[in-house]
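Under UniProt numbering, the first residue of the sequence shown is numbered 1, with each subsequent residue one higher.
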Amino acid sequence: MEGKRRKIVVAGGGITGMSAAFYAVQYFAQRGEEADVALVEKSPRLGGQIRTLHRDGFVIEQGPDSFLARKPAALKLVRELGLEDRLAATNPNPRAKKNYILYKDKLHEMPPGLVLGIPTALSPFVRTGLVSPLGKLRAAMDLLLPRRKDESDESLGSFIRRRLGREVLEHITEPLLAGIYAGDTQTLSLQATFPQFRQIEREHRSLMIGMLASRRNPPSADPALPEIARKSLFLTFDRGLSVLTQRLEEALPAVRKVMGRSIERVARETDGYRLQLDDGAELRADGLILALPAAETARLLPEVPEAAWLERIAYASVANIALAYREEDIPRGLDGSGFVVPKREGRLITACTWSSSKWPHAAPPGYALLRTYVGRANAQEWLKLSEQELVAGVKADLRTTMGIAADPLFVEISRCHRSMPQYPVGHRERLKELRARLAIELPGVWLCGAGYEGVGIPDCIEQGRKAAERAVSYMLS
């Protein structure tokens with residue numbers, strides 16, 4: 001390829017694909033090479049699930065509402081885009097840090113000492129009403145149980161039940177952890193979602209002892225972290241997460257953006273790849289980064305047998321319904337950041353974030369913004385509901401859980417169809433096998449995105465960066 005102007009195509013214009021395009025341009029420039037970078041996105045906008053709505057002084061997230069501050073990939077990108085002064089932290093008021101779990105129609109404060117839903121403080125756990133005395137005794141058996149010798153993957157639910165028992169799983173851990181993936185812990189892969197739990201069991205035998213040790217001896221904070229990231233577990237921006245995608249789009253002037261079209265076929269040729277678009281047009285590529293949902297990727301790789309399993313990665317559909325109120329219309333007040341709902345409670349909503357309490361910039365003074373969530377794996381009946389039925393169900397749940405009888409000032413419904421990938425048991429091994437096969441059969445093709453190695457914004461950014469790094473190295477080798 002010496003002397004040839006390289007061509008790289010990124011399929012998918014969500015945060016992963018945008019990051020891949022951004023870093024591809026950067027890495028080519030660092031190597032003193034010129035290249036053509038194209039970004040193909042089937043929708044008319046970039047940003048994927050990140051969407052922020054501004055209405056009547058409210059800042060309403062229609063997709064994710066924040067990212068983990070301690071995962072470096074997002075902050076690295078923020079720094080490179082010059083957005084550090086736009087970062088916003090969670091409300092520093094100690095009252096706003098409380099969180100609740102719904103149990104038997106009552107909001108119970110989460111006991112202090114919970115780390116990812118795992119108890120690490122004895123007294124608060126003993127006092128909580130979320131678990132029966134027998135359930136607490138069963139959880140205490142974690143201190144005595146041997147470590148698992150079998151190194152194969154298992155479901156997240158199986159692991160928690162094995163270590164802490166059914167009650168802790170169903171009443172505490174599952175609504176907290178499954179909420180991240182809108183998933184069923186009985187089918188989610190432990191290794192693909194929370195591999196640190198298995199590592200803790202290996203090293204400490206007891207999950208609670210290991211989590212306590214990690215809490216007492218946290219890793220030293222990265223000195224490069226901005227001060228705001230040292231004080232807040234989660235971060236967003238002063239005008240919402242779309243600040244990030246808008247600035248990222250502005251940083252891609254040299255990238256050709258092919259909007260409103262999708263890739264229908266990938267054909268390997270002697271000098272790279274020929275990509276046929278759905279309108280009949282063609283693109284040529286020396287390198288191809290597929291930042292697409294798993295099933296779309298499988299469709300483009302029919303000649304790779306290992307890619308067929310991608311169609312088995314289910315994607316749950318979810319919705320978030322934002323409701324604006326006057327503060328005086330909320331009887332209990334907002335002394336926390338919200339609550340989660342175990343599935344055994346039988347509610348339509350799976351969680352409710354008190355957005356204006358968690359993020360002071362989310363609502364004007366004197367007003368409150370609540371963001372409720374609907375839908376999870378194996379509970380997709382909500383898709384049949386009309387908007388009126390959906391809002392009526394949410395308002396009924398808020399009336400029961402929070403005593404809110406007043407009508408909201410307005411409601412914004414955001415339906416996110418097939419947006420939450422469900423990593424099955426064995427996911428990481430199958431992904432490894434697929435990538436090994438691609439290196440042989442389709443060198444120059446890379447996979448990245450929420451369907452593979454993490455659904456969080458930093459995870460997606462890092463996957464896009466790594467794909468770009470590997471693609472550029474491959475094309476310049």
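Beta carbons: idealized from backbone N, C-alpha and C, even for Gly.
In terms of CA proximity to Ser19, Glu249 leads the group Arg418, Glu429, Glu249. Note that the segment 160 to 180 does not touch the segment 81 to 88; fewer than 3 beta-carbon pairs, one per stretch, sit closer than 8 Å. The Cβ neighbour count for Phe410, taken over all protein chains shown within 10 Å, is under 16; the residue is labelled exposed. Below 8 Å, enough C-beta pairs join the segment 12 to 31 and the segment 452 to 468 to call them touching: three or more.
In this structure, Glu412 is the residue among Arg470, Arg465, Glu412, Gly210 with its C-alpha nearest to the C-alpha of Glu387. Between Ile118 and Met110, the CB-CB gap reaches or exceeds 8 Å. According to the DSSP assignment, His108 belongs to no alpha helix (DSSP H) but to the beta strand (DSSP E) extending over 106 to 109. Across the structure, Ser158 and Thr187 are spaced so that their CA atoms are roughly 9 Å apart.
Annotation: the continuous beta strand (DSSP E) that includes Leu323 extends over 315 to 326. Taken through DSSP and simplified to helix, strand or coil, Asp85 comes out as helix. By the C-beta criterion, the segment 188 to 199 is judged to be in contact with the segment 414 to 430, since at least 3 inter-stretch pairs fall below 8 Å. Gly13 and Arg148 have their alpha carbons spaced roughly 42 Å apart. Pairing Met208 with Thr128 gives a Cβ-Cβ distance that is not under 8 Å.
Residue Leu348 holds the alpha-carbon nearest to the alpha-carbon of Thr400 among Leu348, Gly366, Gly375, Glu433.
Residue state for Gly336 is assigned as coil, using DSSP reduced to three classes. Among the bridge pairs identified by DSSP, Trp446 is matched with Ile289. Here the segment 372 to 381 lies against the segment 343 to 360, with 3 or more beta-carbon pairs under 8 Å apart. When the five nearest sequence neighbours on each side are left out, the beta carbons in the same chain lying within less than 8 Å of the beta carbon of Leu169 are those of Gly157, Ile160, Arg161, Thr185, in order along the chain. When the five nearest sequence neighbours on each side are left out, the beta carbons in the same chain lying within less than 8 Å of the beta carbon of Arg326 are those of Gly366, Tyr367, Ala368, Ala406, Leu409, in order along the chain. Short of 8 Å from the beta carbon of Gln380, and not among the five residues preceding or following it, lie these beta carbons of its own chain, in chain order: Ala316, Ser317. Distances from the alpha-carbon of Leu398 to those of Arg415, Lys358, Leu447, Pro331 put Pro331 closest. Per DSSP, the continuous alpha helix (DSSP H) segment holding Val394 begins and ends at 387 to 402. In terms of Cβ geometry, Val304 and Leu431 do not form a close pair [threshold 8 Å]. When the five nearest sequence neighbours on each side are left out, the beta carbons in the same chain lying within less than 7 Å of the beta carbon of Ala291 are those of Val10, Ala11, Gly12, Gly14, Thr16, Gly17, Ala20, Cys448, Gly449, Gly464, in order along the chain. Cβ-Cβ distances below 7 Å link Asp329 to Ile404, Ala406 in the same chain, with the five nearest sequence neighbours on each side left out; the list follows chain order.
Cβ atoms of Asp65 and Thr353 come within 8 Å of each other, at about 7 Å.
Beta-bridge pairing by DSSP links Gln276 to Arg265, Glu282. For Tyr367, the enclosing beta strand (DSSP E) starts and ends at 367 to 374. Rounded to the nearest angstrom, the gap between the Cα atoms of Phe58 and Val243 is 15 Å. In the assembly as shown, Ala73 is a buried residue. Its beta-carbon has 16 or more other beta-carbons within 10 Å. Pairing Arg274 with Arg284 gives a Cβ-Cβ distance under 8 Å.
For Pro223, no alpha helix (DSSP H) segment is defined, and its DSSP state is neither H nor E. Judged by DSSP secondary structure, His204 falls within the alpha helix (DSSP H) whose first and last residues are 195 to 204. Apart from sequence neighbours up to five positions away, the residues of its chain that approach Leu130 with a beta-carbon distance below 7 Å are Ile101, Tyr103, His108, His171, Ile172, ordered along the chain. One Cα belongs to Gly32, the other to Lys231, and the distance between them is close to 39 Å. The continuous alpha helix (DSSP H) containing Met208 extends over residues 207 to 216.
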